[in-house]
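In what follows, a single structure is set out as structure tokens and then discussed.
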Amino acid sequence: MAEKKINGRTFKVTPMLASEALAMQARLFKAIGPAMPRLPAILAGLKEDRPAEARTAAEVSSISALVEILGGAQPGETTALVKDICEKAMIQRQGGNFEDVDLDHDFTGHLADIPAVVLFVLKENFSDFFGDVLKSVGNRARAAS
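If you want our numbering, it's the 1-based position in the sequence shown plus 261.
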């Protein structure tokens, strides 16, 4: 379980079940499409062992890429994907208990927090998968040329 403070609120992410992760990966691959080559650098920059400046730059780049990716999708598809990703997180309530995120309840008035929560959920669930898959694809492409 990973926790992250985003604009004064604490979010927690637990790993998705394998079947949920596979379904989400398929949706992400469909949404990401042409931006796929940018993913390894973005995800690598978000790793905690990087200097804070590198993580901040990668987070800004990640949010920009996310906006670009989701901007090309239909509004209903985008909303459903973002909602499903955000709702894989939990948020710490006033009493200190964590509860599942509810997109409308937790982000009305906090829309600017959505991209950071989406990236947090994706990083915690998929950074190793996307990094390894994309590295493998890149190695095969270099070997073929």
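Note that beta-carbon positions come from the ideal geometry of N, C-alpha and C, so glycine has one too.
Note that this is a predicted model, so its numbers are computed, not measured.
Around the C-beta of residue 268, are 16 or more other C-beta atoms found within 10 angstroms, so that it is buried, or is it exposed?
-> In the sequence shown, residue 268 corresponds to position 7, counting from 1. Per the 10 Å Cβ criterion, exposed.
Would you check if there are 3 or more beta carbon pairs closer than 8 Å linking the region 339 to 358 to the region 372 to 382?
-> yes
Please report how far the alpha carbon of residue 359 lies from the alpha carbon of residue 264, in whole angstroms.
-> Reading the sequence shown from its first residue, position 98 is the one you call residue 359. Reading the sequence shown from its first residue, position 3 is the one you call residue 264. Those two C-alpha atoms are separated by around 11 Å.
Would you check if the region 366 to 375 and the region 333 to 342 touch, i.e. whether three or more CB-CB distances between them fall below 8 Å?
-> By the C-beta criterion, the region 333 to 342 is judged not to be in contact with the region 366 to 375, since fewer than 3 inter-stretch pairs fall below 8 Å.
Would you list the residues sitting across from residue 270 in a DSSP beta bridge?
-> To locate residue 270, count along the sequence shown from 1; it is residue 9. Note: residue 270 sits in a beta bridge opposite 267.
Let me know if residue 343 comes out buried or exposed under the rule of 16 or more other beta-carbons within 10 Å of its beta-carbon.
-> Numbered from 1 along the sequence shown, position 82 holds the residue referred to as residue 343. Buried is the call here.
Could you tell me how far apart the beta carbons of residue 346 and residue 321 are, in whole angstroms, since I believe they sit closer than 8 Å?
-> Counting from 1 along the sequence shown, the entry for residue 346 is found at position 85. Counting from 1 along the sequence shown, the entry for residue 321 is found at position 60. Going by Cβ atoms, the distance from residue 346 to residue 321 rounds to 19 Å, so no, they are not a contact pair.
Could you name the residues of the same chain whose beta carbon sits closer than 7 Å to that of residue 280, not counting the 5 residues immediately before and after it, in chain order?
-> For the purposes of this step, residue 280 is taken as the residue at position 19 of the sequence shown. Taken in chain order, the list of residues that qualify is empty.
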